[in-house]
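Q:
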Ligand code: GLY
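In mature numbering (1 follows the signal peptide of the UniProt record, and there is no 0), the protein residues as written are -18 to -1, 1 to 574.
#1: Please report the distance separating the alpha-carbon of residue 209 from that of residue 195.
#2: Unbroken alpha helix (DSSP H) runs of length 4 or more, entirely within the stretch 277 to 304: which are they?
#3: If you compare alpha carbons, which of 230, 51 and 258 is closest to residue 133?
#4: Looking at the unbroken beta strand (DSSP E) that takes in residue 554, where does it start and where does it end?
#5: For residue 95, does the three-state DSSP call read helix, strand or coil?
#6: Relative to the alpha-carbon of residue 287, which residue among 279, 275, 280 and 296 has its alpha-carbon at the smallest distance?
#7: How big is the Cα-Cα spacing for residue 3 and residue 454?
#8: Would you call the stretch 82 to 97 and the stretch 405 to 414 in contact, with 3 or more CB pairs under 8 Å?
#9: Of the choices 306, 251, 253 and 254, whose alpha-carbon is the least far from that of residue 278?
#10: Going by beta carbon distance, what residues of the same chain come within less than 8 Å of residue 79, once the five residues before and after it are set aside?
#11: Figure out for me which residue from 106, 203, 137 and 162 has the closest Cα to the Cα of residue 269.
#12: When the distance is taken between beta carbons, is residue 110 closer than 7 Å to residue 457?
#13: Per DSSP, what kind of secondary structure is residue 476 in: helix, strand or coil?
#14: Heavy atom of the ligand GLY less than 6 Å from the Cβ of residue 413, yes or no?
#15: Name the one or two DSSP bridge partners that residue 252 has.
#16: DSSP on residue 523, reduced to helix/strand/coil?
#17: Considering only residues of the same chain and omitting the five flanking positions on each side of residue 272, which have a CB-CB separation below 7 Å?
#18: So, for residue 135: in the same chain, excluding its five sequence neighbours on each side, which residues have a beta-carbon less than 6 Å away from its beta-carbon?
#19: What separation, rounded to the nearest whole angstrom, lies between the Cα atoms of residue 474 and residue 58?
#20: Quick test of your reading: residue 468 and residue 69, contact by CB under 8 Å. State the CB separation rounded to the nearest angstrom.
#21: Just grab the DSSP bridge partners of residue 153 for me.
#22: Tell me which residue opens and which closes the beta strand (DSSP E) that residue 559 is part of.
#23: Buried or exposed for residue 6, going by 16 or more other Cβ atoms inside 10 Å?
#24: Is it a yes or a no for the stretch 336 to 348 touching the stretch 553 to 564, going by three-plus beta-carbon pairs under 8 Å?
#25: Should residue 377 and residue 346 be called a contact, given that it needs their Cβ atoms to be closer than 7 Å?
#26: Can you check which of these residues, 120, 537, 536 and 230, is closest to residue 575 by C-alpha distance?
#27: For the candidate residues 368, 266, 430 and 450, whose alpha-carbon lies nearest to that of residue 198?
#28: Considering Cα atoms alone, identify which of 140, 494 and 436 is closest to residue 512.
#29: Within the chosen definition, does the stretch 147 to 163 reach the stretch 293 to 307 through at least 3 CB pairs nearer than 8 Å?
#30: Exposed or buried, which one is residue 88 when buried takes at least 16 other CB atoms within 10 Å?
#31: Sorry if obvious, but does the Cβ on residue 396 come closer than 6 Å to a heavy atom of the ligand NAP?
#32: Please say whether residue 117 and residue 439 have beta carbons closer to each other than 7 Å?
#33: Spatial neighbours of residue 535 within its chain, please: CB distance less than 8 Å, with the 5 preceding and 5 following residues excluded, ordered by chain position.
#34: In the DSSP output, which residue or residues are listed as bridge partners for residue 514?
#35: Would you identify the three-state DSSP class for residue 415, choosing helix, strand or coil?
#36: Which whole runs of the beta strand (DSSP E) in the stretch 332 to 412 are 3 residues long or more, in chain order?
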C-alpha cells in the first residue's frame, strides 16, 4: 500500500474547498468529503466506512478520529515503528487537528498489549486534582453545587494534565523510534497550516460565546471575531514550539520551566473563574501503571481500564450480567435491548456508589466483576418488563464501607484510537480534555482540560461521603473504556469511544455486536445506538433504533430519541486485521 506523507497531504488538504458547516457537528457522514482528496487510501477508507466494509490489512493498522492523525500513525508503522511509537505521533497530531477533544493539556488512558512479552498492561495518564483542591471546589458559599458550565469554563476545572507524561511513558516502555522524530510531523503541520475540518468548524461555531471569553482562545478559534471556517488554513506556531520543547526536553519540558509557569498563570488568572493549580502540581505529576480489569464474556477476556476509570469495571459488569442470556436475536429485538438496558442500569447503580480513584477510596473492584456476584445481580433481569428500580448491590468487600451515591455530570467529547503494529502489539487509547474545548483556556497552542468537573460536585449526601468527591491529588472518575478483548491469551479486538458516560454503553454494545451478532468491526461500530444508564432509554435519532420506541415504552421505559454521537474506533485481529471507524465522526482506519 502506498502511504501518503502528511506534509504532502496537507498541501492538498489546504486546497479543499470550504463546505457548509451546518451539518458538521453530529452525525457527520456528509462532511467527510473534505478529507477524501488527501490520498487514494484515505478516499478508499471513507468508501469502506460508508459501505460498512472493514478496512483490511495483513501487517499493521491504525484507526482514529481524524485522517491526518491516522496518516501520521500510518507513516510511523510503515517505517517499522511500534504501536507505542505510532501513538505518540497520533496523539501529537490529534492535539493539532482535533484540539477540541484531546491534547497536551488533557489526560488519557492506555491499554497496551506488548507482543514481545505477551503482557497486557494499562497506563493511567488521568488528570489530577491540585493539592490546593478541596471537596468544596465546585460548591458555592452555601455548599450548593455550581452550575455545570460555571464550573467548566475557566481555571477552576483544570487538573494537572497527564497526556504528555503518558506519551513519554508509553514510548519509554515500548517505543523504539526517535522521540523527537515522532513529534516532528505534527510540529511541521502546525507551522505550515492545515485545513480546518467540518467537525472542528461546526463545534467552534456552536461554542463561539464561550470561546470568546478568553483572549488567547478567541484569537485562535475566532480570528478577527469570526469562527473558523471549514477548509480555512490554520497555523499554530505556538503548538509547534511546545512540541519542539518536548522534542528536546522530553515531557519534563512541559511539567517544569516556562511552559508549566504559563499553564499555572493562565489557570490562576482566568477572569471570573480562577483555579488553584500550582507549579508543584505539575512537577510531581506521575503516570501510573495499573493492572487491567478483565471480565469474562463468551469465552473471551474483555480487558480495560480500572479505577480511576469506571470504564473497565462497568463494561465488564454489563457483559458479565448478560453472560447467561441469549442475545442472538440482534439489535432490533426489544427483549435483547431490555436485557442490555437493565444490565446497564444495574451496573451504573454500582458505578455511582462504588467507583472512584482507588488510590483514595476503597473500590471493591474484584467483587464488582466476580461472576457469582454478577449472576446474582442478573437474576433481576428474568422478568419481562423494565426494572422498576436499579439499586446498587453489595459486592464482596475486604472491609466495611459506607458511601453515598454519586452526582457527577459528564458531557461527551474525547477521542479514541486503536493501533496494531507489525509485531502484533496493540494500543487502545482514549484521550480527552473532557468537555468540547475543555476549560476554554488556551496556552502555548493547546487547550487546558476541565477534567475536574468529572468529580462529583457534591461531596456528601445526607452526611455520607461520596466516593468520587474532590480531594487533593485525586484523579476524577472517568467513563473512558479503552478495551482489548483477549482470546486464549491473544488480542482479538481493540475498541473504545468518546461520549461521556455513554462511552460505556457504546463500547458494551459494539462488543456484543461483534461477539453475539456476528458483525464485522465496521458494522459493529455503526450499529444504531440504544443506550440506557439511569433509566431513560436513549435511542439514536435518524436510525433504525427508533423502531424500538413503542416496544420499549410498553415495557415501562421512558424513551428519549436524540443524537448519540459516539466515536468508536476498532480493529479486530484474526487471519487479517480489520478496521472500523465510526460513521458519526470524521475518522478512518488505514492499514497495510
Ligand atoms: N471526561 C470523560 C471521561 O473521562 O469519561
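Beta carbons: idealized from backbone N, C-alpha and C, even for Gly.
A: In terms of the structure at hand:
#1: 14 Å
#2: 293 to 304
#3: 258
#4: 551 to 555
#5: strand
#6: 275
#7: Low local confidence applies: a pLDDT of 26 at residue 3 is under 50, so the model's placement there is unreliable, and no value is given.
#8: yes
#9: 306
#10: 48, 50, 51, 171, 176, 179 and 182
#11: 106
#12: yes
#13: strand
#14: no
#15: DSSP, once it has assigned bridges, lists no residue as partnering residue 252.
#16: Coil at residue 523, not helix or strand.
#17: 104, 106 and 288
#18: 192 and 422
#19: 22 Å
#20: Contact doesn't hold; Cβ gap of about 19 Å is too wide.
#21: BP columns for residue 153 are empty, so no partner.
#22: 559 to 563
#23: Confidence is the limiting factor: at residue 6 the pLDDT is only 28, short of 50, which leaves the residue's position unreliable, though a coordinate-based value still follows. So residue 6 ends up on the buried side.
#24: no
#25: Contact: yes.
#26: The requested residue 575 does not occur in the structure, where the chain is confined to residues -18 to 574.
#27: 430
#28: 494
#29: no
#30: buried
#31: Only the ligand GLY can be found as ligands here, which leaves the ligand NAP out of the picture.
#32: In this structure, residue 117 does not lie closer than 7 Å to residue 439 by Cβ.
#33: Exclusion of the five residues before and after residue 535 leaves 541 as the residues of its chain whose Cβ lies within less than 8 Å of its Cβ.
#34: In DSSP, residue 514 forms a bridge with 519.
#35: coil
#36: Whole beta strand (DSSP E) segments, 3+ residues: 397 to 402.
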